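The sequence shown lines up with residues 145 to 531 when you count with this note's numbering. First the structure, in the form of structure tokens, and then the observations on it.
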Amino acid sequence: MFFKTKYPYRLLTPGPVPLHPEVQQVLAEPMIHHRTPEFERCLRSVCERLKDTFSTQEPVFIHASTGTGAMESAIVNTLSPGDKVLCIISGKFGERWAQMCKIFGIEVVAHNVEWGHAVKSEDISRILRAQPDIKAVFTQACETSTATVHPIRELSTLVRERSDTILIVDGITAVGAMELDMDQWGIDVVIGGSQKAFMLPTGLSFIAVSHKARRFIERSRLPKFYFDLKLEQKAMAKGETHFSTVVPLIRALDVSLNFLTGEAKKRTLSRIEKLAAATRAAAPALGLSVYSKAPSPSVTALVVPEGIDSQKLRDHIEEKYNMTLMGGQDQLKGKILRIGHLGYITNDDMFALFDILYQSLHDFEYGGLKKSGREEAQAILKKHLAK
Ligand SMILES: Cc1ncc(COP(=O)(O)O)c(C=O)c1O
């Protein structure tokens, strides 16, 4: 991989994502200590600006962990043993919520949704009405494994009216990538991860908590040590993190937030949407169809033609063309390719993506491939990306 072929390396997965050049520059700077005035200034700036990215006035905490760490933090900081919760399961990451809650002794009501479909808020409304003791509803904003978005605004309306239930949203492939208005919609906990729209390497996770969720934090009795938000709150007031933290990533975050706050945030969101729309529009020219019934702007899942194993196609694309895409998991293994739209993706990357997809389907002797497919796809991309 990387330098073996004549093709430049391109990373088009739903995370990790290509880094912004300015982020790469900061990451190359000499190390500084995490208990210094310089770092304190940087951390205070980052914590303040994260609020804009998360669309909240509430505190946003940073953990030195991958996204799953913030998922664990959301559970252990808000719940107590024996609490009952509702988990919306429409793919691998919804399964993870349920699995983690069970490990922590939480009673899980599982609501399974057909993969590739958005949850129906009527179903959630019915479950919540029937079970008033449900303390939390867990969902993804974007279920990355199926490239599908859920109607978070509708779900938050249902949960907001209940004083003893909170909505916990895994926004790992949603924060900074699509509209997710935490305060206005009334979401209680939103989670993010650095290797997604933040355009950073993996290693930081974020957790924003509402006023209502802070009441849950006060009374939570699940054991916690590393992910203790009360300790983080005290440290944050002093411009510190409770434990050591990943200084280079936080300094790089201060740069990437330039693209995820204020007016720039709107531009980033519309760029991501544009890449997704272009991908969805161009794919049929190559005989690829969109898998999801509620497609996400941050990642697109494309169904490969019958008779082609998407895992083998993905491996071939990496080996021969130096481009990394993702395949499908479990019931989608061998059936889909997942293409990420987050991070520093140029128009050139998009044209190369469709050229390589065409070439690879040709290498696999796909009989349905139209001769004009390559040009058609490129023309559709050009039109969409020029908008
Ligand atoms: C929606 C979602 N949730 C959770 C995770 C897990 O995050 P991590 O791999 O950073 O622990 C991912 C990672 O891709 C994700 O896309």
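Cβ coordinates follow ideal geometry from the N, Cα and C atoms, glycine included. What you are looking at is a predicted structure, and each value in this text was computed from that prediction instead of being measured.
- The bridge partners DSSP lists for R154 are M467.
- Distances from the alpha-carbon of V293 to those of L311, R304, T317 and L272 put T317 closest.
- Distance from the CA atom of G471 to the CA atom of E182, rounded to whole angstroms, is 42 Å.
- For I312, the uninterrupted beta strand (DSSP E) segment begins and ends at I310 to D314.
- In this model, L373 and H460 are separated by some 44 Å (Cα to Cα).
- Separation of K526 and S414 (C-alpha to C-alpha, rounded to the nearest whole angstrom) is 16 Å.
- In the DSSP assignment, V353 falls within the unbroken beta strand (DSSP E) covering S349 to V353.
- Distance from V319 to G336 at the Cβ level is roughly 4 Å; contact confirmed, criterion being Cβ atoms closer than 8 Å.
- Counting only the Cα atoms, G451 lies some 43 Å from L393.
- As the crow flies, the alpha-carbon of I233 is around 36 Å from that of Q522.
- Taking the Cα positions, M175 is about 26 Å away from K195.
- Residue pairing by DSSP places V390 opposite no residue, since no beta bridge is assigned to it.
- The C-beta of E216 has 16 or more other C-beta atoms within 10 Å across all chains shown, which makes the residue buried.
- The alpha carbon of A357 has as its nearest neighbour, out of T309, C186 and G383, the alpha carbon of T309.
- Taking all protein chains shown into account, I247 has fewer than 16 neighbouring C-beta atoms within 10 Å of its C-beta and is therefore exposed.
- Contact check for R395 against C186 passes: the beta carbons are separated by less than 8 Å.
- DSSP places E251 in the uninterrupted beta strand (DSSP E) bounded by E251 to N256.
- Between G238 and S349, the gap from beta carbon to beta carbon reaches 8 Å or more.
- In this structure, T212 has its beta carbon less than 7 Å from a heavy atom of ligand 1.
- For T283 and A321, the gap between their C-alpha atoms comes out near 17 Å.
- DSSP places F360 in the helix class (H, G or I) of the three-state scheme.
- The way I'd put it, the region 213-229 doesn't touch the region 460-469; fewer than three beta-carbon pairs between them come closer than 8 Å.
- In the three-state scheme derived from DSSP, where H, G and I count as helix and E and B as strand, G337 is classed as strand.
- DSSP places S442 in the coil class of the three-state scheme, outside both helix and strand.
- Under the 10 Å beta carbon count, S504 is surrounded by 16 or more other beta carbons and is classified as buried.
- Per DSSP, reduced to three states, the secondary structure at T210 is coil, with no helix or strand assignment.
- When secondary structure is reduced to three states using DSSP, K279 falls in the strand class.
- G517: member of the alpha helix (DSSP H) spanning G517 to A530, first to last residue.
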